[in-house]
Amino acid sequence: MPVKGISRDELLHVAGIARLKLTGEEIELFSKQVSDIIEWFKELSKIKTAGVKPSFHALETINVTREDKAGECFSKEQVFSNTDNKEKGFFKGPRIV
Amino acid sequence: MNAVEFISKARRGEIDLKRFYRQLFSKLHDINDKYECFITICRDEALKQLKNLPRGRLYGLPVSVKDALCTKGIKTTAGSRILGDYTPPFDSTAVARIKAEGGVIIGKTCMDEFGFGGFSTNCAYKVPKNPHDLERSCGGSSGGAGCITSVLDEPHIAIGESTGGSITSPASFCGVCGFTPTYGRVSRYGLIDYANSLDKIGPMAKTVREIALMLKVISGHDLKDQTSRMEKVPDYARTGSVKGLRIGIPREYFKDVPDDISNTVWKAVKELESMGARVKNVSLKTTKYSLPAYYVTAMCEASTNLARLCGMRYSLEAPLKGNFNEYFSKIRSKGFGQEAKRRIILGTYARMSGYRDKYYLQALKVRTLIIRDFKQAFKTCDLLAAPSMPVIAPRFDEIEKLSPLENYLMDILTVAPNLAGIPMLSVPCGKVNGLPVGLHLMADHLEEQKLINAGVAYHG
Chain B
-18 MPVKGISRDE
-8 LLHVAGIARL
2 KLTGEEIELF
12 SKQVSDIIEW
22 FKELSKIKTA
32 GVKPSFHALE
42 TINVTREDKA
52 GECFSKEQVF
62 SNTDNKEKGF
72 FKGPRIV
Chain Y
3 MNAVEFISKA
13 RRGEIDLKRF
23 YRQLFSKLHD
33 INDKYECFIT
43 ICRDEALKQL
53 KNLPRGRLYG
63 LPVSVKDALC
73 TKGIKTTAGS
83 RILGDYTPPF
93 DSTAVARIKA
103 EGGVIIGKTC
113 MDEFGFGGFS
123 TNCAYKVPKN
133 PHDLERSCGG
143 SSGGAGCITS
153 VLDEPHIAIG
163 ESTGGSITSP
173 ASFCGVCGFT
183 PTYGRVSRYG
193 LIDYANSLDK
203 IGPMAKTVRE
213 IALMLKVISG
223 HDLKDQTSRM
233 EKVPDYARTG
243 SVKGLRIGIP
253 REYFKDVPDD
263 ISNTVWKAVK
273 ELESMGARVK
283 NVSLKTTKYS
293 LPAYYVTAMC
303 EASTNLARLC
313 GMRYSLEAPL
323 KGNFNEYFSK
333 IRSKGFGQEA
343 KRRIILGTYA
353 RMSGYRDKYY
363 LQALKVRTLI
373 IRDFKQAFKT
383 CDLLAAPSMP
393 VIAPRFDEIE
403 KLSPLENYLM
413 DILTVAPNLA
423 GIPMLSVPCG
433 KVNGLPVGLH
443 LMADHLEEQK
453 LINAGVAYHG
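Dropping the structure here:
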């Protein structure tokens, strides 16, 4: 029988992609809740949309460009004002390799 | 005294602003102890603003701001622990425009984390209490804004924000006016996004006249927001009239609403009719699909927006131990609340290869049909009228028992107009069991003036 909504393994896989480490309690709770919501999302398949274009925005948007002219920008001090992880004018991040 | 009268007096020098603000802040702290509507009260910053206040259209007016909008030098959390120590080095465009017109920022109001909720119970800091009954919710996600607007006697306008109904819901539950402008009418620059294609900043106040005043100040094109509209902003005349206005009643919006709420709203519609409006029935057939279409769209956008919060540059941090996967996961798992995690997971799932067409693109196609439905209705109507919310403010113990899905279903009357990006106004129209009920008026894109005309005529 196919799994309704989402399996435990799939839930952990999606959480991993989203960089979330779930606690045991959260896995328990989310398995049912997320499954119920995914089942509900399936309602959408009942509506015929052949030939209908998706609306990424409600109103038409146009590409806006500005003149290539230097303007005001943040000072170095402002840019780094919300982090302790900085060094010599750079942001410090975790190890990549 | 309302905001319009207060500003006139202040500009004539008839109000001692320093004295006014000293008294106001002492009162705000007492209010906050009782109702918990502010995450931050910014007395020092406000008093500093008074020293060099522009004599503009909002001269001296107290303005509260939802904590999703960046305020220079004032902590901005969006109701989340992950932004608990974030102090923006810049003002959002809406806030900058308010300050440039002499508005004084008094505090940052409570909200559901990133706007993820309809009752303001999902905040990492405080839960605002409804001024009509402390055991009940203020609505959400701009619950703090609704609360302070209702409870404060002094002149004041609040800035809220709506993605799927977050201005209408607290306006309805707290018995105040709430205005959600056309998508793009107000710049989103400096707003901590929930869902880019849905977020709209708008004013909340006791009267529609005050809303019109604030709407004029914050509206207009902004080069910093590519989606902001270029159309000229009208002056938003504040003389109310509904004579000859065609008001459509979408039958689907009354279908599952309890009789006492429905009757209260109908009474308001009859009043508008007696003032000269013409009322007719209309149908918005896609209504029942609007909820899943909205939640898929909003969660997909939210999951990408929140990807930037990972413990680098700003947001919650820790010593840099482990590889990037371990570090980012550690910060995000600690910083986000449960509803944020749920939405990130659902949004990531609906965008994954194999599911994207089935959920995300299908939701956006349904959105097209919803927009068409509204456009069709506006061919024969100037406004649509419906109840703002299908319930009166629920008790906290009732909310606790709701599953996440049952929570989402409460948004049935607000998500479709939000998906369509049309402007809407909620005005108080009576009470049921002593609690406020809202009349929801909706108009076609950029037809804010029609809403203001009707709102002023009905409510003032």
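Order-wise, the sequence lines are chains B and Y.
Following my numbering, the numbering of the first sequence begins with -18 at its first residue and continues without gaps.
Following my numbering, the numbering of the second sequence begins with 3 at its first residue and continues without gaps.
The beta-carbon is built from N, C-alpha and C at its ideal position, and this holds for glycine as well.
Query: So, is Y:Arg57 buried or exposed, given that buried needs 16 or more other C-beta atoms within 10 angstroms?; Result: exposed
Query: Does chain Y have any CB closer than 7 Å to the CB of B:Leu(-11)?; Result: The sequence given here has Arg at residue -11 of chain B, not Leu. Closer than 7 Å: no.
Query: Is there at least one Cβ from chain Y nearer than 7 Å to B:Asp49's Cβ?; Result: no
Query: Name the chain B residues that come within less than 7 Å of Y:Pro294, Cβ to Cβ?; Result: Trp21, Phe22, Glu24, Leu25
Query: Which bits of chain B does Y:Phe326 rub up against, with CB to CB less than 8 Å?; Result: Gly74, Pro75, Arg76, Ile77
Query: For Y:Thr229, decide whether its Cβ has a neighbour in chain B, counting only Cβ atoms nearer than 7 Å.; Result: yes
Query: Compare the C-beta of B:Leu(-7) against all C-beta atoms of chain Y and say whether one is closer than 7 Å.; Result: no
Query: Give, in chain order, every residue of the segment 28 to 42 of chain B whose Cβ lies closer than 7 Å to some Cβ of chain C.; Result: Here the protein chains are B and Y, and chain C is not one of them.
Query: What's the gap between the Cα of B:Met(-18) and the Cα of B:Ile19?; Result: A caution first: B:Met(-18) carries a pLDDT of 49, below 50, which makes its placement in the model too unreliable to give a value.
Query: Run through the DSSP bridge pairs and tell me what Y:Met426 is partnered with.; Result: Y:Thr182, Y:Met444
Query: According to DSSP, what are the bridge partners of Y:Ser221?; Result: Y:Val188
Query: Assess, as a yes-or-no matter, whether the segment 47 to 62 of chain B is touched by the segment 105 to 120 of chain Y under the definition of 3 or more beta carbon pairs within less than 8 Å.; Result: no
Query: Give me the chain Y residues within the contact set of B:Ser12, using Cβ-Cβ distance strictly less than 8 Å, ordered along the chain.; Result: Near B:Ser12 there are no residues of chain Y at all, since even the closest Cβ is about 11 Å away, more than 8 Å.
Query: Could you tell me if Y:Met3 is buried or exposed, where buried requires 16 or more neighbouring beta carbons within 10 angstroms of its beta carbon?; Result: exposed
Query: How would you call Y:Ala239, buried or exposed, if buried means at least 16 neighbouring beta carbons within 10 angstroms?; Result: exposed
Query: Would the segment 128 to 138 of chain Y and the segment 395 to 404 of chain Y be scored as touching if the rule is three or more Cβ pairs under 8 Å?; Result: yes
Query: Along the chain, which unbroken stretches of the beta strand (DSSP E) at least 3 residues long are found entirely within the segment 122 to 208 of chain Y?; Result: 135 to 139, 159 to 164, 179 to 182, 202 to 207
Query: For the alpha helix (DSSP H) that contains Y:Pro294, what are its first and last residues?; Result: 289 to 307
Query: To the nearest angstrom, report how far apart Y:Val244 and Y:Lys36 are at their CA atoms.; Result: 40 Å
Query: Considering only the alpha carbon of each residue, which of Y:Gly141, Y:Thr78, Y:Thr111 lies closest to Y:Ile150?; Result: Y:Thr111
Query: Along chain B, which residues have their Cβ under 8 Å away from the Cβ of Y:Tyr361?; Result: Phe22, Leu25
Query: Only counting the same chain, and skipping five residues up and downstream in sequence, which positions put a Cβ closer than 8 Å to that of Y:Glu319?; Result: Gly313, Ile333
Query: Tell me whether Y:Val393 sits in a helix, a strand or coil according to DSSP, three-state version.; Result: coil
Query: Which runs of the beta strand (DSSP E) at least 3 residues long sit entirely within the segment 14 to 63 of chain Y? Give them in chain order.; Result: 40 to 43
Query: Could you give the first and the last residue of the continuous alpha helix (DSSP H) run that contains Y:Lys226?; Result: Y:Lys226 -> no alpha helix (DSSP H), and no H or E assigned at all.
Query: Which residues in chain B have a C-beta closer than 7 Å to the C-beta of Y:Ala422? List them in chain order.; Result: Ala39
Query: Buried or exposed for Y:Asp114, going by 16 or more other Cβ atoms inside 10 Å?; Result: buried
Query: Count the other CB atoms, across all protein chains shown, that sit within 10 Å of the CB of Y:Arg187; report buried if there are 16 or more and exposed otherwise.; Result: buried
Query: Any beta carbon from chain B within less than 7 Å of Y:Ala80's own beta carbon?; Result: no
Query: Given a cut-off of 7 Å, decide if Y:Ile159 and Y:Ala48 are closer than it, judged by their beta-carbon atoms.; Result: no
Query: When you compare the CB of Y:Arg358 with every CB in chain B, is at least one pair closer than 7 Å?; Result: no
Query: Excluding the 5 residues flanking Y:Ala295 on each side, which residues of the same chain have their C-beta closer than 6 Å to its C-beta?; Result: Ala365, Val368, Arg369
Query: Does B:Asn63 come out as helix, strand or coil in the three-state DSSP assignment?; Result: coil
Query: In three-state DSSP terms, what is Y:Asn455?; Result: helix
Query: Below 8 Å on C-beta distance, what does Y:Tyr185 contact in chain B?; Result: His38, Ala39, Leu40
Query: Buried or exposed for Y:Asp262, please, with buried defined as at least 16 other CB atoms from any protein chain shown within 10 angstroms of its CB.; Result: exposed
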